[in-house]
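Presented below is the structure to which this report refers.
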Amino acid sequence: MSSDKPTKPAKARRKSASASNHINDAEAKALAHHVEAAKTTYGRGQQIRTKSVKDKKLRANLKVLESKNKESALQAKNAEILLDNSAGLLEPEHELERTYKVRQDEIRQDVGIETAKKAFELRLGDLGPYQFDFTRNGRDLLLGGLKGHVASFDWRQGKLGCELNLNETVRDIAYLHSSQMFAVAQKKNVYVYAGDGVELHNLKKHVEATHLQFLPYHFLLASVSSTGVLRYTDVSTGAMIYEQSTKLGPPTAFCQNPRNAILHVGHQKGTVTLWSPNSSTPLAKLLTNSGPVRAMSIDRSGRYFVAGGQDRKVSIWDIRNFKELRSFHLRQPASTVSISDRNLTAVGWGTQISIYNSDIFSHTPSDDVKIPAPYMAWGGEGNTISRVKFCPFEDVLGISHSRGYSSILVPGSGEPNPDSLESGTNPFETTRQRQEAEVHALLEKLQPEMISLDPNFIGNLDLASEEQRRKERDLDSKKEDRIERLKKKGRGRNSALKKYLRKSGQRNVIDEEKVRAREALSRMDKREVAKVQKLRREYGPALERFASKSG
Amino acid sequence: MPPRISRNSVPSGKTGSKVRKPKKAAKRAHDAYSIASHTNPDRLKIRQSRLGESDLASHRNPKRSRDDDDQERSEDEPSEAKRRKQKKVSQDDLSLDEGSDSEGHAWTMGHVDDEDDSEIDSDEAFGESDEERFEGWVFRGSTSTHHKLNKSKPRKLEHHDEDMDGEIDLDENESADGEDDDEDDLGEGAIDLATALDQYEDSEEERGGKRGKKKRSSAFDDSEPSEAEDVGADGASDFSSEEDEEDEADRRAQLKDLISSLPEDEAVPKMRKVDVHESAAPSEFGVLRKVDLTSLKSTISDPERRKSLKFLQDDLKPSKKNDIARKLDAPLPKRQQDKLDRQAANEKANETLGRWVDTVKHNRRAEHISFPLQPSTNEPEGENRLVPTTTAAPANDLESAIQDILQQSGLSNGKQDEEKFQQWEELQERKLPLEEVAKRRAQLRMERELMFREEVRAKRIKKIKSKAYRRVHRKERERILQREKDALRADGVDVSEDEREYNDRRRAEERMGAKHRESKWAKGVKQSGKAAWDEDARFGVTEMARRNEELRRRVEGKSIREDDEGSDFSSEEDEDEDEEMDGNAVLQQQLSRLKQNPFSTDNSKIGNMAFMQKAEASRKAQNDDDLERLRRELAGEETASDDEMENNARSGRRKFGPSEKKLAPAAIPATSEFEERPGSDEENPGRLSGKGFSNGPTKSSKSKGTGDRGPANGSARTDNPYLVKARKSKGDDIPEALWQAQDTIAALQETPKSKVSKSKSSKMDDSSILAGAALSAPDDDGFQMVTYNDEEQEEDVEEDVENEGVDLDIVMRNRKLTAQAFASGGDDEAEFEAEKQANIEEAAPKTETTVLPGWGAWVGEGLTQTEKKNRGKRTSQKIAGIDPSKRKDSKLDKVIINEKRVKKNAKFLATQLPFPFETREQYERSLRVPTGPEWKTKKSFQDATKPRVLIKQGIIKPVERPAM
């Protein structure tokens, strides 16, 4: 007993101490976890190792920078509480329930009236299999029937922007930066129409375009023609930026990577080429299918790339590392693929649509033969699916088919928290805001040269060797004429030429450039004198004193 | 002034004769000269030197002039005599004094002068009796009686305090009883030192020997009596409050001294007059008057008159002395003086500037700086934000309203309380005698000091990292604790630590609780006398009393076993008991207690409802069963629960049908489950439909399957049949996989039907879909559990759905057709491979060889074959490229990555590493976080773009004082 006693209180004390420690530990742990989460989500890669910096001042500066970055990451994490809309999916109540068995009418019954209204169907008759596009904020819908029926409208309010019948084949359509402009790939050329249906431009160089894509941050309209020529046009200036043949025959699919604005073109032989307007050859070439690639899509963050081909195979790639994650086979070849903002993948095959949740991206290739269970399914009513596309910021999937357009509800597909400050992505924007955003977007337009596989390359160190750079330098180019440039620089009384002569020093040294500069200056002076005299004559004796070279 | 006379008269006879003897002879020799000098305006020059003017003559013949003075003094002057007495102490010094002007001598002179000075100021205050009284007292660093005085009567000798302050200031081991005075002196000293320094800043002297100077300053004090007096007056005012502290005797003495010093007081103004002249530039008037005096004196033979003149003489003497002292330090040459001056000024300037260094550094390093640096404190504090009401009066209506409410509710403001308390204290203090207050204060101070020391000590101990130290101390603490406990035990109290803590807690809670003795409820009961007639109240009161008593006893550590039953911490108690009891017995007891269900819902209304009762009954039954089983186990009975146990782990799907083996161990199904899988459908799809019932698992023949299936092992964890996972073997090439996919689909259609009937087939296929199926041991009825992989389950259900009503033949045909159609997939792949190879080769580094035919080669006849072959000059050139193994796509299948440099992108690259960065990594990582508002919160964006210098509108005054 006596031997026990002394140990017991000590133990108890230790226990209580450890309890308080435990609380502290838990708090500290939670805090550390929070910081870690902030770092991973908003830290943007690895920190600078300030300890290894030798220069004192630089070290101090970098430390300050790092602490600022850390702070801003933390604040961004803390600001997450402002994202008050949470995303969710349909969840089975028990293990035997299947979400893909849920029918649209069941969903429509269970959601609110306003939401239920978003599921609708447009029966458009025989004007062909339709293509369609959403604006970036998901408010407007553009429909284009193969036989020339084009309509742009606010699909929630049912407000029609324009409805045209072009009497010409419409191969593809695309909204430009806002609902006020859209491009239509017609039989021969690509045309640009205003939101009210007025034809704005005829892009004659875009011949026989089969697919269109618009790069919103670069204001580039890209088309790929039936002969396999890829073209970029800057829609803000109208200049043709790039025109290059893919040399792989008629394209079968076309899509863009929203992260780095690289265009993917699918070809007949199961290959996909990646293009930027800066190189004449594709940046990369993938073999995704064995047969024509029919449908492609890339997720919002530029990670996952889904390609479906004529061989019924759907292959899923990690496009940042160019690694195939998995592939599976459908029962019919996929005709269209779309990935939503929350990484739901809709695949249209035949007359049916399967929607997979994001699990298909996380699976390991070991079970790639298995067919993933879809999250939702739709169709089978005899309408051949021509295009599927998720509506941004809505739990809505748009489907165009041979007989029109259907909109279905896909719970959990849309991004619940739109960034209203980013131009073009505010689903509730007013006219005024749209106009402002347009100006801002134009001011912040990215140059086409900034397109690269790594979008963060700007400002990085050029690692090319001097030799390589020398080779690249255009040695035959004409040297810039300094004097010509100075002559054009009108700087009032103290002209640039005068300044040049004054600052070039060593008056006794006479070289060709100086001589030219002097001559140019004297000529300029003469001209001015002549001008003044002419003015004097014009003004007459009474007013001649007001004649000056500036006047 | 009797003391003075008595004191001076005694030594004057002695010392005067002693010291003077040799000099007197000399003086006699020069008598004529001295007499002449008295009348001679020659003295004028000496005076001048004393006034600070450099006078060569005076320097040349100091002794002579001094002698003259001596002669004068020898006439009969008590003060002179006293001085001589001092000189007796250092006879040699005296001669030296006269001989040189060096600094060291000045110091000794200072001492002597000090005496002189005291003579003037307060000799009268220091009576003979005092001298006797303080005979034993020696003040550090000084032999003068003066200090004694100073110690004992600071109040009386204000001037002396002033003089001595420097010394007192430095004096640190003061006796305890002098503490108060000392502190006051300290305060004075600060002033005095400053004034002294100020005084000497313009006196152009070195700062090195501060101490010496201080002494001297006191020595020269009489030369600045005006100031000394001023300060003294200040001091007096300072001390006025403390004068009361002096005891009666002191006061009396003071009074006496005051009276005695009255004539001296007369002298002081006179002195001042003289001093005015001394400190002023020498003028004709000053000189004239002085000459007049001395000349008068020498000529006057009448002793009476002389006596009357004595006072005048007295005035002059100290000044003379000081003049001599000042004469001793020769003014430096102007250049040197200026240099010293500049040095001092520079030091001073540096010091003042140095105070700003930190502030400037801080401001320079600051990321953002906003002017004005020190915000004006004009606006009241509570303007923009709330301040605690304890510190400030309520600023607005809301605050005052809140305060009113608080006051009304008795939660009065802390601040007011504090104020009231302070006021009360002050009042109390006033009533107390001063000594008491002083004592209290001293005590308080002492306590504070001690506390501070303790704090410091605790901090120091806390800092110690030594484990050994900690260990030793911990052990000591434990020992003490143990001893305490032993003592308690010896007293018959045995309380465990946990128990004590618990008891304390309980008591605290009870005190917090409503039914405490002083609670509102209790008071109410007491007031209303409710307990007399209200049963509940009475019960509550008694209960309260009981609990209170009980808790108190608990805390005290007394046993309260008798009333355990009713209390709700019986379990706690029991736990303690448990330790002593036999383990089994305890468990038995617990079981028996569990039998009476403490959570039964008998009383509630819900509990009366039928279904609740039913549920409870069933639960009870279950619990009882468990209890029974446990009891049996405890009792060591053999569990006859083979049949009972089967009920427990029965979940998932059952497989019906007889099985051969009855008691298969759990491990066997894990190995044999591949036997159970359906046969390969590939060869014979039709066969499956007509299968009969299986009769249990057969022995496993395939070891590969068992190796593959790690996680699924039988019924051991079949709670969730979906937990079991299957894995497909790898290594199938792609076309095969394609076919397999179709097969699986085909198989899937079959499985639901065949699930019951399969099992006996011995054929196996890796691609079989039921690879994940696991069979449990068959039970006595021959039923088996089949568990499936979750996904597979989903899949086959899905396929069921999808394939409903679809003609299988068509599906199969479709599959075959597509397979045939894309059989050329191999061609695509081969083509792709070839293209990739070509790309790799094109980009690979090469050596190009060029030949210049005819160069460096012989032609003509008679050439050998080898010479003929060598047909020209060969030059080879290496063309750099990308090594195939280093290509980005070297390990990537089905990918060709273009390795060519994109020239247009190079426009946005940095051609070289920007200056301050040391590595590429640093530079690129410094750019990694975007600064735009789209990527950041508003705050961090604004922080990042905030200008470095912000200037508020309006006048920005310069910084007044350093902020750091």
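Quick mapping for you: the protein sequence lines, in order, are chains D and F. Once you know that position 375 of the first sequence is 375 in the UniProt record's numbering, the rest is easy, because the numbers rise by one and skip nothing. Once you know that position 181 of the second sequence is 181 in the UniProt record's numbering, the rest is easy, because the numbers rise by one and skip nothing. We put the CB at the ideal spot given by N, CA and C, even for glycine. Please read these numbers as outputs of a predicted model, since none were measured by experiment.
*Can you list, in chain order, the residues of the segment 24-51 of chain D whose Cβ is nearer than 9 Å to any Cβ on chain F?*
Of all residues in the segment 24-51 of chain D, 42, 43, 44, 45, 46, 47, 48, 49 and 50 have a Cβ within less than 9 Å of some Cβ in chain F.
*Test: residue 314/D CB closer than 8 Å to a CB of chain F*: Not one chain F Cβ lies under 8 Å of residue 314/D.
*Is it the case that the Cβ atoms of residue 446/D and residue 175/D are separated by a distance below 8 Å?*
No. Outside cutoff.
*asked:* Does the contact criterion of 3 or more C-beta pairs under 8 Å hold for the segment 170-190 of chain D versus the segment 199-216 of chain D?
replied: In this structure the segment 170-190 of chain D lies against the segment 199-216 of chain D, because at least three pairs of beta carbons, one per stretch, are closer than 8 Å.
*asked:* On the DSSP letters alone, give me the boundaries of the alpha helix (DSSP H) that residue 963/F sits inside.
replied: Where residue 963/F is concerned, there is no enclosing alpha helix (DSSP H), given that its DSSP letter is neither H nor E.
_Straight-line gap, residue 552/D to residue 156/D (C-alpha atoms, nearest Å)_ = There is no way to answer for residue 552/D, as the model of chain D reaches only from 1 to 551.
*Which residues, in chain order, does the segment 334-363 of chain D contribute to contact with chain F at a C-beta distance below 8 Å?*
Answer in chain order: no residues at all.
*Apart from the five residues on each side of it in sequence, which residues of its chain come closer than 7 Å, Cβ to Cβ, to residue 539/D?*
For residue 539/D, where only same-chain residues beyond five positions count, the Cβ hits under 7 Å are 546 and 547.
*For residue 199/D, which residues does DSSP report across the bridge?*
When DSSP reads this structure, residue 199/D sits in a beta bridge with 193/D.
*Compare the C-beta of residue 421/D against all C-beta atoms of chain F and say whether one is closer than 8 Å.*
With 8 Å as the cut-off, residue 421/D counts as an interface residue toward chain F.
*asked:* Let me check understanding here. Comparing Cα to Cα, which of 129/D, 104/D and 67/D lies closest to residue 120/D?
replied: Comparing Cα positions, the closest option is 104/D.
_Beta-carbon gap between residue 378/D and residue 339/D smaller than 8 Å_ = Judged by beta-carbon spacing, residue 339/D lies beyond the 8 Å limit of residue 378/D, meaning their Cβ atoms are not closer than that value.
*For residue 961/F, which option in 411/F, 355/F and 940/F has the closest C-alpha, if you only look at C-alpha atoms?*
For the residues 411/F, 355/F and 940/F, the minimum Cα distance to residue 961/F belongs to 355/F.
*Could you round the C-beta distance between residue 381/D and residue 430/D to whole angstroms and report it? I think they count as a contact, below 8 Å.*
The beta-carbon distance between residue 381/D and residue 430/D, rounded to whole angstroms, is 39 Å. This is too long to meet the 8 Å contact definition.
*Given a cut-off of 8 Å, decide if residue 334/D and residue 308/D are closer than it, judged by their beta-carbon atoms.*
Closer than 8 Å, so yes.
*Along the chain, where does the beta strand (DSSP E) that runs through residue 211/D open and close?*
Segment 209-215, the beta strand (DSSP E) holding residue 211/D.
*Determine whether the Cβ of residue 457/D lies closer than 8 Å to any Cβ atom of chain F.*
For residue 457/D, the nearest CB of chain F lies under 8 Å from its own CB, placing it at the interface with that chain.
_According to DSSP, residue 393/D sits in a beta bridge with which residue or residues?_
In DSSP, residue 393/D forms no bridge with anything.
*Return helix, strand or coil for residue 165/D, following the three-state DSSP convention.*
Residue state, collapsed to three classes: strand.
*Endpoints, alpha helix (DSSP H) assigned at residue 481/F*: Where residue 481/F is concerned, the enclosing alpha helix (DSSP H) stretches over 467-490.
*asked:* Using the three-state DSSP reduction, which class does residue 429/D fall into: helix, strand or coil?
replied: Secondary structure of residue 429/D (DSSP, three-state): coil.
_I'd like to know whether the C-beta of residue 906/F is nearer than 8 Å to at least one C-beta of chain D._
It does: the Cβ of residue 906/F has a partner Cβ on chain D nearer than 8 Å.
_Pick from 939/F, 889/F, 477/F and 425/F that is closest to residue 71/D, judged by C-alpha positions_ = Nearest option by C-alpha distance: 939/F.
*With distances taken Cα to Cα, identify the nearest neighbour of residue 55/D among 953/F, 935/F and 919/F.*
Closest option to residue 55/D, Cα to Cα, is 919/F.
*asked:* Output needed for residue 427/F: all residues of its chain with C-beta closer than 7 Å, excluding positions within five of it in sequence on either side, in chain order.
replied: Nothing meets the Cβ criterion.
_Proximal residues of chain F, C-beta to C-beta of residue 464/D below 8 Å_ = Within chain F, the residues placing a beta-carbon under 8 Å from that of residue 464/D are 901 and 906, ordered along the chain.
_Against chain D, does residue 818/F count as a neighbour if the rule is that its beta carbon must be under 8 Å from one of theirs?_
When Cβ-Cβ separations below 8 Å define contact, residue 818/F makes contact with chain D.
_Just to confirm before moving on: does the CB-CB distance between residue 241/D and residue 448/D stay below 8 Å?_
Going by C-beta atoms, residue 241/D is nearer than 8 Å to residue 448/D.
*Same chain, Cβ closer than 7 Å to residue 547/F, five either side skipped, listed in chain order*: Excluding residues within five positions, the ones whose Cβ falls inside 7 Å are 510.
*Should residue 883/F be flagged as near chain D, meaning a C-beta pair shorter than 8 Å?*
No, its Cβ sits nowhere closer than 8 Å to a Cβ of chain D.
*Does the beta carbon of residue 367/F come closer than 8 Å to any beta carbon on chain D?*
So yes, residue 367/F belongs to the interface.
*Taking Cβ to Cβ, would you say residue 257/D is nearer than 8 Å to residue 270/D?*
A distance of 8 Å or more separates the beta carbons of residue 257/D and residue 270/D.
*residue 279/D and residue 902/F closer than 8 Å at C-beta*: In this structure, residue 902/F lies closer than 8 Å to residue 279/D by Cβ.
_To test your reading of the DSSP string, which unbroken alpha helix (DSSP H) runs of 4 or more residues are found completely within the segment 470-531 of chain D?_
At a cut-off of 4 residues, the continuous stretches assigned as alpha helix (DSSP H) that sit fully inside the segment 470-531 of chain D are 482-488 and 496-503.
_Interface flag, residue 290/D vs chain F, CB-CB below 8 Å_ = Chain F, which has a Cβ nearer than 8 Å to the Cβ of residue 290/D, makes this yes.
_Quick check on residue 308/D: does DSSP put it in helix, strand or coil?_
Three-state result, residue 308/D: strand.
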